[in-house]
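K.L.:
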Amino acid sequence: MKPNISIVVPAFDEQDRLGDSVRIIAEYIEKTGLNAELIIVDDGSKDKTAGIAESACDAFPNVESKVIRYEENRGKGFAVRTGLLAAQADIALFSDADLSTPIEEMNKLIEPIESGEFDVTFGSRALDRTLIGTHQPWRREQGGRVMNLIIKTMSGLPFLDTQCGFKAFRMDKFRPLLELMTIDRFGFDVEFLYVAKHHALRLSEIPVRWNNVEGSKVSVVRDTRRMITELVQIRRNSKRGIYDSNKN
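In terms of our numbering, the sequence shown is residues 850 to 1097.
(1) Would you mind sorting N1017 into buried or exposed? The rule is 16 or more other CB atoms within 10 Å of its CB.
(2) In terms of alpha-carbon separation, which member of A928, A875 and N997 lies closest to V912?
(3) Give me the Cβ distance between I1083 and S973, rounded to the nearest whole Å; I'm assuming they're in contact under 8 Å.
(4) Taking the straight line between their C-alpha atoms, what separation do you get for G924 and D892?
(5) Are R872 and A905 closer than 7 Å when you measure CB to CB?
(6) Look at the Cβ atom of L867, then the Cβ atom of A946, and state whether they are nearer than 7 Å.
(7) Measuring CA to CA, which of V969, M996 and D869 is closest to A941?
(8) Which class does D891 belong to by DSSP, given the choice of helix, strand or coil?
(9) Using a 10 Å radius around the Cβ and a threshold of 16 neighbouring Cβ atoms, would you call W1059 buried or exposed?
(10) Going by C-alpha distance, which of F1035, M1020, A938 and E920 is nearest T898?
(11) Residues bridged to R1019 by DSSP?
(12) Verify whether the separation of the beta carbon atoms of I878 and V857 is less than 7 Å.
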């Protein structure tokens, strides 16, 4: 039976926490009776991420799941696109491997797509900060606010938080756009939303619960520089018409 929902989890060197995350998602699928598939994408990990993911999935034989692995680390954006292209369902959601947004929040994103109201929905930490349980360290949180301002200014997108790793897509509308994407790493979230808006898809930023989880691979200084470089690339792509192909 074709699943109704595909849940994509990109992972890179996540052997220490991916097993628990897979278990939590699989238990949620079983508990709620969701007709869902779980897709783990190992983005060229050098540790035991793939093996741990496979073992964790095997522990839930009633949950449809697969682990996709490739040898070279290509970046989170590439991993998410790989998972979305493999998704069988009409609606797909991607979640960060650390489950900083609890999987129980997924209905907030899925239901507006199921009802036909929106085509792309994405979690936000900025719309309602009372939903943040465990905050990031002060310096990192302030750095995130600065980065969000830079993104808003340079991209022209009207959203307060493009970087939350919790997004859902109506795949018949979004799948054709995946081939237009060029950002494999940090700025892929912005490109996803930019291209979706460029093609007149209906987007909604939705407040979700969120908790900082230790072990983040994000560096404020390094990734702010990288984000600016990739924002310039997105603007250049737009001017060159790279995002116009297959435009509705």
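Every residue gets a Cβ at the ideal spot worked out from N, C-alpha and C, and that includes glycine.
P.N.:
In short, the structure shows the following:
(1) Note on residue identity: the sequence assigns Ala, not Asn, to residue 1017. With 16 or more Cβ atoms within 10 Å of its Cβ, A1017 is classed as buried.
(2) A875
(3) No, I1083 and S973 are not in contact; Cβ-Cβ is about 20 Å, not under 8 Å.
(4) 7 Å
(5) yes
(6) The answer is yes: Cβ separation under 7 Å.
(7) V969
(8) Looking at D891 - three-state DSSP - the assignment turns out to be strand.
(9) buried
(10) When each option's Cα is compared against that of T898, the closest is E920.
(11) I940
(12) no
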